[in-house]
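Participant: Take this structure, written in structure tokens, and hold onto it; I'll ask about it next.
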Amino acid sequence: MLRKIIAILSIVFLVFQFNLLVGAQNQGKTYHVAINGDDNNPGTSDKPWRTISYAVTQLKPGDKLIIHEGVYKEVVVMRSSGISEAPIIITSAPGERVVLDFGRVSSNCFSLSKGVSHVRIENLTLVNCGIWALSLDGGNQHIILRNLEVAYSETGIHMTVGESGKKPWHGPVGPVLIEGCLVHDNDVGGIDCTPGPCYDIIIRYSKIYNNGVTAGFGADGVAVETGDRICIEWSEIYGNMGDGVDLGSRNPLWFNKSSDFRVSGCFVHDNGLEGVKLWTGGTVENTLIYSNGFTGLDFIYNGKYLVLNTAIVKNAVEIRTYSVALGYKELEPLGSQDNLEVEIYNSIIAFNGPPDAPTGIYVGPGVKLVSDYNIWYSRQDSEIYLESAGMDYTREDIASGKWTKDTGNGAHSIAADPLFVDIENDDYRLQSNSPAIDAANPDKSPSLDVQGAQRPWGQGYDIGPYEYGAEAPPRPSPLKPIEYKPQNETQQAQETLPEQPQNETSQPQETSQAQETNQTSQTQESSQEQTQQQTETRPSTGKEKPEEQGINILENMWLILIAVVALTLINIAVLITILKKRKQPLPPPPPPPKPG
Ligand SMILES: [Ca+2]
Ligand SMILES: [Ca+2]
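Here the sequence shown stands for residues 445 to 1040, numbered as in the working numbering.
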């Protein structure tokens, strides 16, 4: 009887192994979608599917969907996930331009449904969506969005669903890596996490620009209402009608739970309202904040804030406000403003505002400011306004040591023209005789500058985001900067898009005057163009990144195959032994158990 059971189990096990074998072969299949395909096809390269929306229903962990050139007009809802060793990858065929033009449909357009995780979406252009072009509905983990253009929609990339100030309907979102993306010309926001929370979000090598312009709406470039561990690095955020970066919240539900916000190696400029706005703490380093309409840098509620090697220049040139506001009294504050711990080192606050308006830094009564090695040069009679003392510190007060004597700050600070190369044309690199050169505190200096150049160069570290003379590697940029304008209704969806050389399209074709005069940006881009392919040389701030999921499926499959074949051979051997033994006489049954 026992042998019979073992034999049956053995056969069952063999069948199981056979299934595993088949499963292993199925893992990591590559499918194709093409404009001339058919959803009744098997989805192979010679018999591709026609629609992305059908294709995504067929995907399993490890599968890769390759979309071929053309303009696709359909809404896509993804309901299947990958797993950590085998993410689902959706991408265009190499060198082929794939556009999803949603025709301004009044729904979300490319959605990752509740809980859909371990997905990589790459090399696509998503435009013309009536609501959210790319929506991470909630509970989405380990998502990589790489080399996407998301534009001309109501909102570009949206994470979590629900009402502002309330809990999300489908849970938080993250980790998410948004890398090498262009998010622009959306009506009410570029990248938005409302209500949140979003955790472990990294946005890098991206450009987020001109959002809110067409609709005349105060759209932010990047806005995260609630969440934590949000990092924006090596990116350019400009020309948005609202704030460039707005991290944190008015929402009291989540106050003081979020403090790891980080803006590093970024250019934040020409936004309509504020440059960088942090509500509950965070770090701003190696960042150039210029020509924003309102306050350049704004820290609002209690928290720990750190500013390193940042320049805040030419902000608030039209509106009467401070260029840096620390703990400025909110009209209806939902958070506390009695304990902001702010450190500012190696930074330049200069040339802000019209001459007759408050333009320097405002230090609120609840702020504990520790600062040194900075350059102040915005307004001669009020570089620093200290609310607790009701005192304006003038350029002379800083130079003569009065500011230091009163507050203990700024013993090594400078009240002089930082001598930028060309302010008119927004080139904020340092001239060779700039007082910022070699004048920074080395212990507070990041090892790379805003262009990714190694610090220090020369005798020491420089104040501000640029290290004078240091050799800058190519500044990271979107891998495939492209511009796509939604087509007229009368044009054919299948129409092939004109081929555009990459280097010409990397400069967005804005009409804004601010961008036309933006030499800094253009200079960077021409250096990017030469070296776009050298992505491996990109600097990194060492910030932990979400797990890369590019596991070699093929390698895994071979391991599984070998294991399955070995197990099968052992199993067959066991089965043969058992069957042979069955022919031998059975031993006598054991005596029955004695009662009692
Ligand atoms: Ca805002
Ligand atoms: Ca130096």
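Backbone N, C-alpha and C fix where the C-beta goes; we use that ideal spot for every residue, glycine too.
1) Could you tell me if R564 is buried or exposed, where buried requires 16 or more neighbouring beta carbons within 10 angstroms of its beta carbon?
2) Can you list the residues near ligand 1, meaning Cβ strictly closer than 6 angstroms to any non-hydrogen atom, in the order they appear in the chain?
3) Identify whether Q898 lies in helix, strand or coil by the three-state DSSP scheme.
4) Could you check whether the region 799–814 touches the region 863–879, counting it as contact only if at least three pairs of C-beta atoms, one from each stretch, sit closer than 8 angstroms?
5) Report the three-state DSSP secondary structure of T848 (helix, strand or coil).
6) Threshold first: 4 residues or longer. Then list the alpha helix (DSSP H) segments lying entirely within the region 493–565, N to C.
7) What's the call for N1052, buried or exposed, on a 16-neighbour Cβ count within 10 Å?
8) What is the DSSP secondary structure of R873, reduced to helix, strand or coil?
9) Would you check whether ligand 2 has a heavy atom nearer than 8 angstroms to the C-beta of I881?
10) Distance check for S597 and R548, CA to CA, integer angstroms please.
11) In three-state terms, what does DSSP make of E840?
12) With respect to the beta strand (DSSP E) encompassing H586, which residues constitute its N-terminal and C-terminal limits?
13) For K651, does the three-state DSSP call read helix, strand or coil?
14) At a threshold of 8 angstroms, does R873 count as lining ligand 2 (C-beta to nearest heavy atom)?
15) Which residues does DSSP pair with R706 in a beta bridge?
16) Here's the rule I'm using: 16 or more other beta-carbon atoms within 10 Å means buried, otherwise exposed. How should P538 be labelled?
17) For the beta strand (DSSP E) containing I819, name the first residue and the last one.
18) Under a Cβ-count criterion, where at least 16 other Cβ atoms within 10 Å of its own Cβ denotes burial, should L509 be classed as buried or exposed?
19) Should P619 go down as buried or exposed, given a rule of 16 or more other Cβ atoms within 10 Å for buried?
20) Name, in chain order, the residues that DSSP records as bridge partners for D893.
21) DSSP on A937, reduced to helix/strand/coil?
22) Could you check how far apart the C-beta atoms of Y734 and V757 are, in whole angstroms? I think they sit under 8 angstroms.
23) Does the region 776–791 come close enough to the region 821–830 to have 3 or more Cβ pairs within less than 8 angstroms?
24) With 16 other CB atoms within 10 Å as the buried threshold, where does A760 fall?
25) According to the neighbour-count rule (16 or more other Cβ atoms, all chains shown, within 10 Å of its Cβ), is E677 buried or exposed?
26) So, helix, strand or coil for D782, using DSSP?
27) For V728, which option in G808, I511, Y749, F864 has the closest C-alpha, if you only look at C-alpha atoms?
28) Please tell me whether I681 and V712 are closer than 9 angstroms, where the distance is taken between their beta carbons.
29) Answer with buried or exposed for E868, where buried requires no fewer than 16 other C-beta atoms within 10 angstroms of its C-beta.
30) Beta carbon of V657, beta carbon of I635: below 9 angstroms?
31) Where A859 and E776 are concerned, what is the direct C-alpha to C-alpha distance, given to the nearest angstrom?
32) Between D906 and ligand 2, is the CB less than 8 angstroms from at least one heavy atom?
33) Pick from G779, L863, L717: whose alpha carbon is nearest that of I819?
34) Which term fits E593, buried or exposed, when burial requires 16 or more other beta carbons within 10 angstroms of its beta carbon?
35) Mark S561 as exposed unless 16 or more other C-beta atoms lie within 10 angstroms of its C-beta, in which case mark it buried.
36) Excluding the 5 residues preceding and the 5 following N783 in the sequence, name in chain order all residues of the same chain whose CB lies nearer than 7 angstroms to its CB.
Facilitator: Walking through what the data contain:
1) Counting from 1 along the sequence shown, the entry for residue 564 is found at position 120. Buried: at least 16 other Cβ atoms inside 10 Å.
2) D664, A667, G686, D687, D690
3) Within the sequence shown, numbered from 1, the residue matching residue 898 stands at position 454. Of the three classes helix, strand and coil, the one that applies to Q898 here is strand, per DSSP.
4) no
5) Residue 848 sits at position 404 when you count from the first residue of the sequence shown. It is helical.
6) 496–499
7) Here the chain comprises residues numbered 445 to 1040, so residue 1052 is not present and cannot be evaluated.
8) One-based indexing of the sequence shown puts residue 873 at position 429. Correct three-state label for R873: strand.
9) Along the sequence shown, read from residue 1 onward, the residue named residue 881 stands at position 437. The answer is yes for I881.
10) For this step, residue 548 is matched to residue 104 along the sequence shown. For this step, residue 597 is matched to residue 153 along the sequence shown. One C-alpha to the other measures close to 7 angstroms.
11) The residue labelled residue 840 in the question sits at position 396 within the sequence shown. E840: helix per DSSP, three-state reduction.
12) In the sequence shown, counting from the first residue as 1, residue 586 sits at position 142. That residue, H586, is in no beta strand (DSSP E); it is neither H nor E in DSSP.
13) The count along the sequence shown starts at 1 and reaches residue 651 at position 207. K651: strand per DSSP, three-state reduction.
14) The count along the sequence shown starts at 1 and reaches residue 873 at position 429. Flag unset: Cβ of R873 not near ligand 2.
15) For this step, residue 706 is matched to residue 262 along the sequence shown. Looking at the DSSP assignment, R706 forms a beta bridge with C675, T727.
16) As a position in the sequence shown, residue 538 is number 94, starting the count at 1. Exposed is the call here.
17) As a position in the sequence shown, residue 819 is number 375, starting the count at 1. Start and end: 819–821.
18) If you number the sequence shown from 1, residue 509 lands on position 65. Flag for L509 reads buried.
19) The count along the sequence shown starts at 1 and reaches residue 619 at position 175. It counts as buried.
20) The count along the sequence shown starts at 1 and reaches residue 893 at position 449. In the DSSP output, where bridge partners are listed per residue, D893 has none listed.
21) What you label residue 937 is simply residue 493 of the sequence shown in a count that begins at 1. Summary for A937: the model assigns pLDDT 32, below 50, so the residue's position carries little reliability; its value from the coordinates is reported in the next sentence. Coil, per DSSP.
22) Within the sequence shown, numbered from 1, the residue matching residue 734 stands at position 290. Within the sequence shown, numbered from 1, the residue matching residue 757 stands at position 313. Confirmed, Cβ separation roughly 4 angstroms.
23) no
24) Counting from 1 along the sequence shown, the entry for residue 760 is found at position 316. The residue is buried, with at least 16 neighbouring Cβ atoms inside 10 Å.
25) Here residue 677 corresponds to residue number 233 of the sequence shown, with the count starting at 1. Flag for E677 reads buried.
26) Counting from one through the sequence shown, the residue named residue 782 turns up at place 338. Coil.
27) For the purposes of this step, residue 728 is identified with residue 284 of the sequence shown, where counting begins at 1. Answer by Cα proximity: Y749.
28) In the sequence shown, counting from the first residue as 1, residue 681 sits at position 237. In the sequence shown, counting from the first residue as 1, residue 712 sits at position 268. Result yes, Cβ atoms of I681 and V712 sit closer than 9 angstroms.
29) Reading the sequence shown from its first residue, position 424 is the one you call residue 868. So E868 counts as exposed.
30) Taking the first residue of the sequence shown as position 1, residue 657 is located at position 213. Taking the first residue of the sequence shown as position 1, residue 635 is located at position 191. Their beta carbons are not under 9 angstroms apart, which means V657 does not touch I635 by this criterion.
31) Within the sequence shown, residue 859 is the residue found at index 415, counting from 1. Within the sequence shown, residue 776 is the residue found at index 332, counting from 1. C-alpha separation (whole angstroms): 35 angstroms.
32) Taking the sequence shown and counting its residues from 1, one reaches residue 906 at position 462. True, at least one ligand heavy atom lies under 8 angstroms from that Cβ.
33) Here residue 819 corresponds to residue number 375 of the sequence shown, with the count starting at 1. Looking at the Cα atoms, L863 is the closest of the given residues.
34) On the sequence shown, position 149 is the one that residue 593 refers to. Per the 10 Å Cβ criterion, buried.
35) As a first step, residue 561 is located in the sequence shown; it is residue number 117 there, counting from the start. It counts as buried.
36) Numbered from its first residue, the sequence shown carries residue 783 at position 339. Closer than 7 angstroms at Cβ, skipping near neighbours: N746, G810.
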